[in-house]
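Q:
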Amino acid sequence: MTSLKLNIIDRYIIKKFLGTFFFALCMIMLIAVVFDFSEKIDNFMGNEAPWRAVIFDYYGNFIPYFATLFAPLFVFISVIFFTAKMAANSEIIAILSGGMSFRRMMWPYFLSSAVICGLVFYLMNFVIPEANLERMNFEDKYYKPRTRQTSIANLHRQIYPNVYLYMESYNPQSARGRNLTIEKFDNNGKLLSKLSAPTVAWDSVSGKWMALNYIRRDILETKEIFSKGSRLDTSLNIRPDDFSRGIEFVSTMSYRELNDYIDLLTLQGSDELVAFEVEKNSRIASPFSVFI
Numbered sequence: 004m005t006s007l008k009l010n011i012i013d014r015y016i017i018k019k020f021l022g023t024f025f026f027a028l029c030m031i032m033l034i035a036v037v038f039d040f041s042e043k044i045d046n047f048m049g050n051e052a053p054w055r056a057v058i059f060d061y062y063g064n065f066i067p068y069f070a071t072l073f074a075p076l077f078v079f080i081s082v083i084f085f086t087a088k089m090a091a092n093s094e095i096i097a098i099l100s101g102g103m104s105f106r107r108m109m110w111p112y113f114l115s116s117a118v119i120c121g122l123v124f125y126l127m128n129f130v131i132p133e134a135n136l137e138r139m140n141f142e143d144k145y146y147k148p149r150t151r152q153t154s155i156a157n158l159h160r161q162i163y164p165n166v167y168l169y170m171e172s173y174n175p176q177s178a179r180g181r182n183l184t185i186e187k188f189d190n191n192g193k194l195l196s197k198l199s200a201p202t203v204a205w206d207s208v209s210g211k212w213m214a215l216n217y218i219r220r221d222i223l224e225t226k227e228i229f230s231k232g233s234r235l236d237t238s239l240n241i242r243p244d245d246f247s248r249g250i251e252f253v254s255t256m257s258y259r260e261l262n263d264y265i266d267l268l269t270l271q272g273s274d275e276l277v278a279f280e281v282e283k284n285s286r287i288a289s290p291f292s293v294f295i
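Take 4 as the starting number for the sequence shown in the working numbering and just add one per residue.
The structure is reproduced here in structure tokens:
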């Protein structure tokens with residue numbers, strides 16, 4: 004049985020693998036930073052961006068993001084480069100002549116790939132999201148202005164099992180919506196209650212939505228109950244950011260936050276669910292593509 008214990012040849016190959024990979028990645032990151040800086044320097048100077056913020060808040064987070072993005076590609080390039088160089092120096096012939104099989108020689112390759120895979124997975128799911136948030140905040144402030152939020156029309160969401168929300172329009176600037184309707188059904192699809200309000204507003208103090216001038220209709224087995232009032236605090240599991248945040252927000256969420264948000268979108272029946280599921284799957288698949 005072939006021993007998988009690391010020997011001097013294994014350590015030599017691992018050193019060549021990781022050394023070539025990190026060197027190639029550093030070179031491409033250096034080129035990327037130079038091109039990106041030359042493109043954005045006018046915006047940085049025009050918006051009076053502090054050089055400390057440019058270096059640490061922007062490029063300090065720019066480099067890890069693109070490094071993990073390009074990591075699988077540069078694993079491929081690095082393996083071809085240093086293996087071809089070993090073959091040109093007749094090192095592979097010497098290794099095989101020493102009694103090591105091709106299959107056994109793959110062992111240090113897989114170990115090196117496992118190290119890179121684990122590092123990329125950790126960075127993509129737990130480090131890069133926070134780095135992306137800092138980078139985007141910098142871009143919003145010093146590179147490109149934040150896109151002005153416009154009114155959103157015809158919002159449909161499932162907020163709880165068998166509970167559906169409809170809003171004719173929502174204005175992110177004022178955090179107010181028009182013509183709110185919340186309907187609750189039983190498991191057989193029978194309407195149990197309906198809440199209507201011409202205006203709904205977000206109360207930042209209580210963290211709840213207020214239905215203004217509401218009318219509520221509760222349908223019981225033998226009768227219907229109508230009630231109305233000037234204000235009703237609701238307990239909707241939706242915040243204003245859920246209506247107005249851009250799809251790029253997904254890249255700022257950690258793995259746990261992403262899973263929790265996917266569960267929420269699944270419950271709500273949101274059209275954005277697919278984009279978030281793609282992001283989740285890519286964060287898992289991309290690191291493991293290193294082995295391929």
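From the three backbone atoms N, C-alpha and C, an ideal C-beta is built for every residue, glycine too. Note that the structure is predicted; figures quoted are calculated from it, not measured.
May I ask you to report which of helix, strand or coil DSSP gives R236?
A: Note that residue 236 is Asp in the sequence shown here, rather than Arg. In this structure, D236 counts as strand in the three-state DSSP scheme.
Q: Between N191, K144 and A156, which has its C-alpha nearest V166's C-alpha?
A: Considering only alpha carbons, the answer is N191.
Q: Could you tell me the alpha carbon to alpha carbon distance between R286 and K144, rounded to whole angstroms?
A: Roughly 28 Å between the two C-alpha positions.
Q: So, helix, strand or coil for D189, using DSSP?
A: Residue state, collapsed to three classes: coil.
Q: Hey, could you find the ends of the alpha helix (DSSP H) L114 is sitting in?
A: Where L114 is concerned, the enclosing alpha helix (DSSP H) stretches over F105 to Y125.
Q: Take E227 as the anchor and find which of L194, R242 and D245 has the nearest alpha-carbon.
A: Nearest option by C-alpha distance: L194.
Q: Use the C-beta contact count for V37: other C-beta atoms within 10 angstroms, 16 or more gives buried, fewer gives exposed.
A: Classification for V37: exposed.
Q: Just to confirm the assignment, what range does the alpha helix (DSSP H) spanning T269 have?
A: Run containing T269: Y258 to Q271, per the alpha helix (DSSP H) assignment.
Q: Pick helix, strand or coil for G49, following the three-state DSSP scheme.
A: Correct three-state label for G49: helix.
Q: Report the residue ranges of all beta strand (DSSP E) runs contained in full by the stretch 158-210; include only those spanning at least 3 residues, in chain order.
A: Taking only runs of at least 3 residues, the beta strand (DSSP E) segments lying wholly in the stretch 158-210 are 166-174, 179-188 and 194-206.
Q: So the candidates are I98, W110 and F188; which of them puts its Cα closest to the Cα of L9?
A: Residue W110 is the option with its Cα nearest to L9.
Q: Return the chain-ordered list of same chain residues with a C-beta closer than 6 Å to the C-beta of F85, the five sequence neighbours on each side being excluded.
A: Answer for F85: K19 and T23, listed in chain order.
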